[in-house]
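Student:
In the numbering used here, the protein residues as written are 14 to 172.
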């Protein structure tokens with residue numbers, strides 16, 4: 014004879030073990046996906062940055078070093094726009110952020126200044142990420158340094 018209470022307890026334990034294993038598998042899958050995305054962002058040859066609504070650099074990938082001479086660690090926590098843009102870039106930056114907040118903007122050209130003071134022409138795409146209340150929490154930027162292409166175009170135009 015079997016004990017119905019013992020059988021019921023065994024089923025409940027089996028169910029809990031199954032749920033635990035499924036949750037563990039989902040967590041492992043999520044961790045692997047996060048690692049993959051982090052690898053893609055870190056190895057991308059273009060600028061990928063997260064900038065808080067107040068301008069604070071939340072994260073930036075290593076390509077920033079090649080473009081500006083700043084390391085990601087040096088920009089982390091600093092005002093992205095004040096560090097990389099001149100004072101006269103306030104209106105263009107505001108235009109970029111407004112476009113991002115209204116659904117995203119692509120191929121927006123903005124000059125940024127390197128550590129050595131050189132200007133680099135960036136083609137930026139930007140999108141806003143909003144919090145539960147609908148307010149912009151951060152801007153996600155993806156940018157390509159198009160300075161060399163601009164100089165080549167200008168050189169060809171004068172030939």
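Glycine is no exception: its CB is placed at the ideal position from the N, C-alpha and C atoms.
Please read all numbers here as calculations on a predicted model, not as lab measurements.
Measure the C-alpha to C-alpha separation of residue 108 and residue 155 and round it to an integer number of angstroms.
Tutor: Taking the straight line joining both Cα atoms gives about 16 Å.
Student: Considering only their Cβ atoms, is the gap separating residue 45 from residue 76 smaller than 8 Å?
Tutor: No.
Student: Which residues bound the beta strand (DSSP E) around residue 42?
Tutor: No beta strand (DSSP E) holds residue 42; the alpha helix (DSSP H) holding it covers 17-56.
Student: Which residue wins for smallest C-alpha separation from residue 149, given the options 86, 164, 124, 63?
Tutor: Nearest of 86, 164, 124, 63 to residue 149, Cα basis: 63.
Student: Would you identify the three-state DSSP class for residue 196, choosing helix, strand or coil?
Tutor: The requested residue 196 does not occur in the structure, where the chain is confined to residues 14 to 172.
Student: Enumerate, from N- to C-terminal direction, the unbroken alpha helix (DSSP H) stretches of 4 or more residues contained entirely within the stretch 71-159.
Tutor: Qualifying alpha helix (DSSP H) stretches, in chain order: 76-81, 85-88, 93-97, 103-114.
Student: With a CB to CB cut of under 6 Å and the five nearest residues on each side skipped, what residues in its chain are close to residue 113?
Tutor: Counting only Cβ-Cβ distances below 6 Å, and skipping sequence neighbours, we find 139, 140, 141, 152.
Student: Look up residue 62 in the DSSP assignment and give the residues it is bridged to.
Tutor: Paired residues: 73, 154.
Student: Identify which residue in 94, 167, 59, 71 has its Cα closest to the Cα of residue 78.
Tutor: Considering only alpha carbons, the answer is 59.
Student: Answer yes or no: do residue 95 and residue 134 have a C-beta to C-beta separation smaller than 8 Å?
Tutor: No, the pair does not count as a contact, with Cβ atoms beyond the cut-off.
Student: Is it right to say residue 43 is buried, meaning 16 or more other beta carbons lie within 10 angstroms of its own, or is it exposed?
Tutor: So residue 43 ends up on the exposed side.
Student: Smallest Cα separation from residue 132: which of 81, 69, 53?
Tutor: Ranking 81, 69, 53 by Cα distance to residue 132 puts 81 first.
Student: On the premise that residue 88 lies in contact with residue 106, defined as a C-beta separation below 8 Å, what is that separation, rounded to the nearest angstrom?
Tutor: Rounded, the Cβ-Cβ distance is 15 Å, inconsistent with contact.
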